[in-house]
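*Asks:* This is the structure I want to talk about, given as structure tokens.
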Amino acid sequence: MPMGAGTQEIAERSSSLNPRIFSLPRLLLLGALHSLGRDGAPYRELKASMPNMPDGVLFANLNILEQMGYIKREEITYAGKTMTAFHITKEGDDEFQKARDWLKQWIEG
Amino acid sequence: MGDIKKVFACFKELKIKPNVDSFENRVRMQKAVCILDMMGVKTGFRFGMYVRGPYSPDLTKEIFSNVRNFEKIESEGKLTSQDRKNLEFFSDVMRGMDAPMLEIAATFAFLAYGEKKMPYREALEEVRKLKHFYSSTQLLLGVNKAKELLFVPTEEDKKIMKEEFALWEKASDADFAKVNPT
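Just so you know, the sequences run in chain order A and S.
FYI, numbering that gives the first Met the number 0 numbers position 11 of the first sequence as 10, with every residue one higher than the one before it.
FYI, numbering that gives the first Met the number 0 numbers position 110 of the second sequence as 109, with every residue one higher than the one before it.
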């Protein structure tokens, strides 16, 4: 298939993206936390909203996103219980936005 | 964009301090504004279904941006007499403003009384899935609070209730007649 100018541009733009966020669990997690901004979400809520994602996959991907500096873990108290919550960082927000814009441009061709 | 002054005026009436440092309080504020909107206390913030149930990212942004001027802003918010009545009713039903209770009630209300207008059974199932970490008692209490605040019987509901209550009244009359024979 011939590569049009649009496709070439899309390929060039992809070099500014972090390829490590392009996995379904990571994009879903970043997307969910992006919408919640500074509020973030407790682990149990993230788990409940992604019922098909096994615990191990969810936890491993949260750890990777945290290591990349895209999300931050914190201890919160809710209804008298201490729990772990996550929120997106500025870097995570920017990277997610970049990836989303790139995907949008690609799809809209 | 929503009316943050009105939101703060509502918080003042409900005795909710807009403290953004506490996760619990942030949940409380979001869910209260969401339910109040469905009750007719319109503040103009748009809610959507997110990971934690109904949520307005714009409301969070506005609360964070204006929380330092809370005391000044709350006095500028305008509430109608109907708003005040609704706030009083809300405060009465949601005594203590328990965050999990508000969370469950708002989620059920959004599904059953919001744009989706899901049948009760389906809405309840959805709430059970999303909030599976709460006990059945907590879920039922929260759902009942939402119904208490927002249920408006249709003509069909009224007919069914009338028939149901008629049976109870008949039974009660019969009992009364036994205890007090003429």
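Just so it is clear, CB atoms sit at the ideal spot from N, CA and C, and this is done for glycine as well.
Could you check where the beta strand (DSSP E) with A84 (chain A) kicks off and where it finishes?
*Replies:* That run of the beta strand (DSSP E) goes 80–87.
*Asks:* Please list, in chain order, the chain S residues whose beta carbon lies closer than 7 Å to that of R72 (chain A).
*Replies:* In chain order: nothing, as chain S lies at least about 13 Å away.
*Asks:* Determine the direct distance from the alpha carbon of Y77 (chain A) to that of L102 (chain A), and round the result to whole angstroms.
*Replies:* Cα to Cα, the separation comes out at about 37 Å.
*Asks:* Between L140 (chain S) and the rest of its own chain, which residues show a CB-CB distance below 8 Å, the 5 nearest in sequence each way excluded?
*Replies:* Answer for L140 (chain S): M100, I103, listed in chain order.
*Asks:* Are the region 34–41 of chain A and the region 78–86 of chain A in contact at 8 Å, needing three or more beta carbon pairs?
*Replies:* The answer is yes - the region 78–86 of chain A touches the region 34–41 of chain A, with three or more Cβ pairs under 8 Å.
*Asks:* Do I72 (chain S) and F10 (chain S) have their CB atoms nearer than 8 Å?
*Replies:* No, these two residues do not count as a Cβ contact at 8 Å.
*Asks:* I want to know whether the region 161–170 of chain S touches the region 121–134 of chain S - three or more CB-CB distances under 8 Å.
*Replies:* With the cut-off at 8 Å, the region 161–170 of chain S and the region 121–134 of chain S do not touch.
*Asks:* Pick helix, strand or coil for T76 (chain A), following the three-state DSSP scheme.
*Replies:* In the structure shown, T76 (chain A) sits in a strand (DSSP, three-state: E or B).
*Asks:* Closer than 6 Å by C-beta to V194 (chain S): which residues in its own chain qualify, once you throw out the five before and the five after it? Chain order, please.
*Replies:* No statement about residue 194 (chain S) is possible, as the shown extent of chain S runs from 0 to 181 and does not include it.
*Asks:* Please confirm if L140 (chain S) has its CB atom under 8 Å from at least one CB of chain A.
*Replies:* No, because no Cβ of chain A sits closer than 8 Å to the Cβ of L140 (chain S).
*Asks:* Against chain S, with Cβ distances strictly below 8 Å, would E107 (chain A) count as a contact?
*Replies:* Chain S, which has no Cβ nearer than 8 Å to the Cβ of E107 (chain A), makes this no.
*Asks:* In the DSSP assignment, find the alpha helix (DSSP H) that holds Y133 (chain S) and state where it starts and stops.
*Replies:* Y133 (chain S) -> no alpha helix (DSSP H), and no H or E assigned at all.
*Asks:* Here's a check: name, in chain order, each residue in its chain whose Cβ is nearer than 6 Å to the Cβ of D2 (chain S), leaving out the five neighbours to either side.
*Replies:* Cβ within range, chain order: T42, G43.
*Asks:* My output table needs one value for K71 (chain A): the three-state DSSP class, helix, strand or coil.
*Replies:* Correct three-state label for K71 (chain A): strand.
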